[in-house]
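Below is one structure; the comments refer to it alone.
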Ligand code: TYC
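In my numbering, the protein residues as written are 19 to 130.
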């Protein structure tokens, strides 16, 4: 039994007419936001920023004060999964202490 020979221009896959540039999406990054409220103690927000977001005492205090005076602050910028985990950890800590601290995430819209 013999393999059929490929011959002529009608055999094989057609070449694309134009070169297609593969469009590689950059992984989106997410801002994690801490929102101000009237009840969560400042010290607790600083603790969260140190423990969950690995901030220095000085940075944690500055971010907390920014949220306190402006309504919210960016605690950090991460990939989706890391941002999601930080939000969950923050909300779990706040819940354990019965503080109404709100932590959310949103896509970073600036071009990367
Ligand atoms: N506003 C709070 C207070 O005066 C402190 C606070 C700061 C709460 C930042 C939340 O994201 C926050 N105790």
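Heads up, the beta-carbon is just placed ideally off N, CA and C, and yes, glycines get one too.
Can you name, in chain order, every residue of its own chain whose Cβ lies under 7 Å from the Cβ of residue 68, other than the five neighbours on each side? Residues of the same chain with a CB within less than 7 Å of the CB of residue 68, apart from the 5 flanking positions on each side, are 75 and 78 in chain order.
At a threshold of 7 Å, does residue 56 count as lining the ligand TYC (C-beta to nearest heavy atom)? Under cutoff, so the answer is yes.
Let me make sure I understand the geometry here. Which of 47, 116 and 58 has the alpha-carbon closest to that of residue 95? Residue 95 has its Cα closest to that of 47, out of 47, 116 and 58.
Residue 122, enclosing beta strand (DSSP E) - first and last residue: Counting along the chain, the unbroken beta strand (DSSP E) around residue 122 starts and ends at 120-125.
Quick one: grab the DSSP three-state call for residue 25. Because residue 25 sits at a pLDDT of 45, beneath the cut-off of 50, its placement in the model cannot be relied upon, and the following sentence gives the value as read from the coordinates. Residue 25: coil per DSSP, three-state reduction.
What separation, rounded to the nearest whole angstrom, lies between the Cα atoms of residue 126 and residue 92? Going by C-alpha positions, residue 126 is about 11 Å away from residue 92.
In the DSSP assignment, what residue or residues form a beta bridge with residue 97? Answer is 47, bridged to residue 97.
For a quick check, are the C-beta atoms of residue 64 and residue 108 less than 8 Å apart? The answer is no: Cβ separation not under 8 Å.
Curious, which full-length beta strand (DSSP E) runs of at least 3 residues does the region 47-96 contain? Qualifying beta strand (DSSP E) stretches, in chain order: 47-53.
Would you identify the three-state DSSP class for residue 38, choosing helix, strand or coil? Coil at residue 38, not helix or strand.
Could you tell me if the beta carbon of residue 85 falls within a distance shorter than 7 Å of some heavy atom in the ligand TYC? Checking the 7 Å criterion, the Cβ of residue 85 is within range of a heavy atom belonging to the ligand TYC.
With a threshold of 8 Å on Cβ separation, who are the neighbours of residue 105 within its own chain once the five nearest residues in sequence on each side are excluded? Same-chain partners within the cutoff: 50, 121, 122 and 123.
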